[in-house]
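So the structure is just underneath, and the comments pick up after that.
In the working numbering, the protein residues as written are 841 to 1208.
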């Protein structure tokens, strides 16, 4: 009886072991991709805002009271159009006075010249008449110039961004210590500049002429192509609650198809280097490990149902992909995930591609 029970126990154990072996998966399921040659672009990101490439603050060059404003914010004007008219009564009076004085000086000089030709006056008298004529011409030119400046005209073609004065307001002329009254702001919005702040570790990669894509916060579904036109040298330091950051300003010029406005928030992706037809893998497939005194890059390659560790040499990197210079060839199968398995995977360990399935094991028929 005891021997019979022992036999039953042994049979149960054998059946259990066989059952475990039958249900045990052949390896961990992993995600695998085939190494291919692709284009890869290294990028530098930054954020900032837009401004018009050409924007001018228009001030008056003469003191006066605003008599009439011809434009409103948003109006489109052409170069030479009159924008604002100042009260010109005093300036017109000075102009008329200078004109009369110039006519008198011109007549006096002509009379002196004839008398000098007839040897009736000395050379000194003719020189005095000539000097008075020159002074009268200068006063007339100044009076004429100041009268013209009571009409504020557009120095460029563009759109009025702001009108800062009202009718009846007295405007002041700018000096070295006083900027004077800014009457209005005018900008050509056909070309825009994205002023982007780039971190100090990334800015050495940025050069004038590189291509960029600009995304506007207010128009998130559209990317605007542009080109780097300036890389700043003056640092922009910002204090945060945790640390002090140092950025540099990069200017990207781009066309404005219509909706862009100065001051809009912008994000830019600058292509600092591009390579075509190079071996590329997803960056999550790569791990860094210490080997002796140096750190090496490793990937796992899927070979005959096992994960084989390989050391690789990397090149250009983007946000999602990285170039492989050495260690892999086109067509190799690289394990890219999932992370919870990839992070614990060991060289030579059995694995199963996610799309593969274990062969269906049917129970053997029991013969009676």
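The beta-carbon is built from N, C-alpha and C at its ideal position, and this holds for glycine as well. This structure is a prediction, so every number in the text was calculated from the model and none was measured.
Considering only C-alpha positions, which residue in the set 1058, 1011, 1158 is nearest to residue 928?
Closest by C-alpha distance to residue 928, out of 1058, 1011, 1158, is 1011.
Can you name, in chain order, every residue of its own chain whose Cβ lies under 6 Å from the Cβ of residue 1070, other than the five neighbours on each side?
Closer than 6 Å at Cβ, skipping near neighbours: 1091.
Contact check, residue 1145 vs residue 1190, beta carbons under 8 Å
Yes; because the gap between Cβ atoms is below 8 Å, this pair is in contact.
Can you give the Cα-Cα distance for residue 1141 and residue 1067, rounded to whole angstroms?
Rounded to whole angstroms, residue 1141 to residue 1067 spans 40 Å at the Cα level.
Residue 862, DSSP secondary structure in three states:
In this prediction, residue 862 scores a pLDDT of 46, lower than 50, which makes its location untrustworthy; the coordinate-derived value is nonetheless stated afterwards. Residue 862 falls in the helix class under three-state DSSP.
Start-to-end residues for the beta strand (DSSP E) that takes in residue 896
That run of the beta strand (DSSP E) goes 876 to 899.
Cβ shell of residue 939 (< 7 Å), same chain only, five flanking positions each side left out:
Within the same chain, residue 939 has close Cβ partners 980.
Residue 1147 and residue 1165 look like a contact to me (Cβ under 8 Å); what is the Cβ gap, rounded to whole Å?
Contact between residue 1147 and residue 1165 fails: their C-beta atoms lie close to 22 Å from each other, not under 8 Å.
Label residue 937 either buried or exposed according to how many other C-beta atoms from any shown protein chain fall within 10 Å of its C-beta, with 16 as the threshold for buried.
Answer is exposed; the Cβ neighbour count stays below 16.
Give me, in chain order, the residues of the same chain whose beta-carbon lies closer than 7 Å to that of residue 953; leave out the 5 immediate sequence neighbours on both sides.
For residue 953, where only same-chain residues beyond five positions count, the Cβ hits under 7 Å are 966.
Are the segment 1108 to 1126 and the segment 878 to 891 touching by the rule of at least three beta carbon pairs closer than 8 Å?
With a cut-off of 8 Å, the segment 878 to 891 and the segment 1108 to 1126 count as touching, because enough Cβ pairs lie within range.
Nearest neighbour of residue 943, chosen from 976, 1188, 904 [CA to CA]:
Looking at 976, 1188, 904, the one whose alpha-carbon comes closest to that of residue 943 is 976.
With a threshold of 8 Å between beta-carbons, can residue 994 be considered close to chain B, or not?
Of the protein chains in this structure there is only one, and it is not chain B.
Counting only runs of 4+ residues fully inside the segment 1161 to 1188, write out the alpha helix (DSSP H) ranges in chain order.
Counting only runs of 4 or more, we get 1179 to 1182.
Nearest neighbour of residue 1043, chosen from 1109, 999, 1030, 1093 [CA to CA]
Minimum Cα distance to residue 1043 is reached at 1109.
Can you tell me which of the three DSSP states residue 932 falls into?
If DSSP states are grouped into helix, strand and coil, residue 932 belongs with the helices.
Where residue 951 sits in the DSSP three-state scheme:
DSSP, read as helix, strand or coil, puts residue 951 in helix.
Counting beta carbon pairs with one atom in the segment 1009 to 1029 and one in the segment 1045 to 1065, are three or more of them shorter than 8 Å?
Between the segment 1045 to 1065 and the segment 1009 to 1029, the count of C-beta pairs closer than 8 Å stays below three; the two stretches do not touch.
Should residue 998 go down as buried or exposed, given a rule of 16 or more other Cβ atoms within 10 Å for buried?
Classification of residue 998: buried, given that the 10 Å Cβ count is 16 or more.
Give the single residue among 1169, 1099, 1030 whose Cα lies nearest to the Cα of residue 895.
If you compare the alpha carbons of 1169, 1099, 1030 with that of residue 895, the shortest gap goes to 1030.
What does the alpha-carbon distance come out to for the pair residue 1184 and residue 893?
Using only the alpha carbons, I get a separation of about 54 Å.
Cα-Cα separation between residue 1104 and residue 887, rounded to whole angstroms:
Between the C-alpha atoms of residue 1104 and residue 887 there is a straight-line separation of about 11 Å.
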